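J.: Before anything else, here's the structure in question.
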Amino acid sequence: MSRSLRHGALAATALVFPIAALSACSAGNDAQTLQVRPDNAATAVDNIKIQNLNIITQPEADAEGPAVVAATLFNDGTKQEVVEKIALPGTGTTVKLQAAKGKGPLVVPAGGRVVIGGKNNASAVIEDGRKAGANGNVQAVAFTFSETGDIELGAAIVPATSFFEGFGPSALPSAKPTATPSESASGSASATPGEESGSPSDTATDEAAADH
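Spelled out as structure tokens, the structure:
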């Protein structure tokens, strides 16, 4: 099936329904991470299923920092699939992918799954989180797989609070730059000691003149 036909099939098959929540690959069926959460975007194209798709932003609306794409990817085929790219169409931003172990491609094994987002899982980081969109909106997310090709669907944009706290980015404080220790030490040495050393010499001069 060509990629253009896959897009057509996607339009017919994309749906939103209650699904298992974000979970680590090793989690069992009774794990807390498999609790049902409604209204997460999901779709199936060929052998690939995408579930629990969300864009998770900073926990505070005015915080600067990255956002992340969180999802669970299933591969029902007999060949492994590599996630070659994740993009946010229309935003002009990039999504940086990283495997769970930090090295190599992001692989969805044959008959297996991969979780994106959360501790010890693969990650998909949107470095400029503000470009991901406003909380409460829906943003298109496009996945490119090595075998299946392109799959695009909408993801809800949510802050990293409540249930999503463990799957989102941490807030990065935007503090004003401060002087380095070396600059502070240099500034103190050139100003204060000079002023203190000048006073005794002036006093001594005045006393000597008075004696004469």
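76 is the number of the first residue of the sequence shown in the numbering used here; add one for each residue after it. Don't be surprised by glycine CBs; every beta carbon is placed ideally from N, CA and C. This structure is a prediction, so every number in the text was calculated from the model and none was measured.
Pick from Q126, G140 and I123: whose alpha carbon is nearest that of A235?
T.: Residue G140 is the option with its Cα nearest to A235.
J.: Work out the CA separation of V233 and G152 for me, nearest whole Å.
T.: For G152 and V233, the distance between alpha carbons rounds to 31 Å.
J.: Three or more beta-carbon pairs under 8 Å between the stretch 167-175 and the stretch 113-133, yes or no?
T.: Counting Cβ pairs under 8 Å, fewer than three are found: no touch.
J.: Does G224 pass the burial test, meaning 16 or more other C-beta atoms within 10 Å, or should it be called exposed?
T.: Flag for G224 reads buried.
J.: Could you give the distance in angstroms between the alpha-carbon of A215 and the alpha-carbon of G229?
T.: Taking the straight line from one Cα to the other gives about 4 Å.
J.: Identify the continuous beta strand (DSSP E) that holds F149 and give its terminal residues.
T.: Counting along the chain, the beta strand (DSSP E) containing F149 begins and ends at A142 to N150.
J.: Does the beta-carbon distance from I131 to F239 come in below 8 Å?
T.: In contact: I131 and F239 (Cβ atoms closer than 8 Å).
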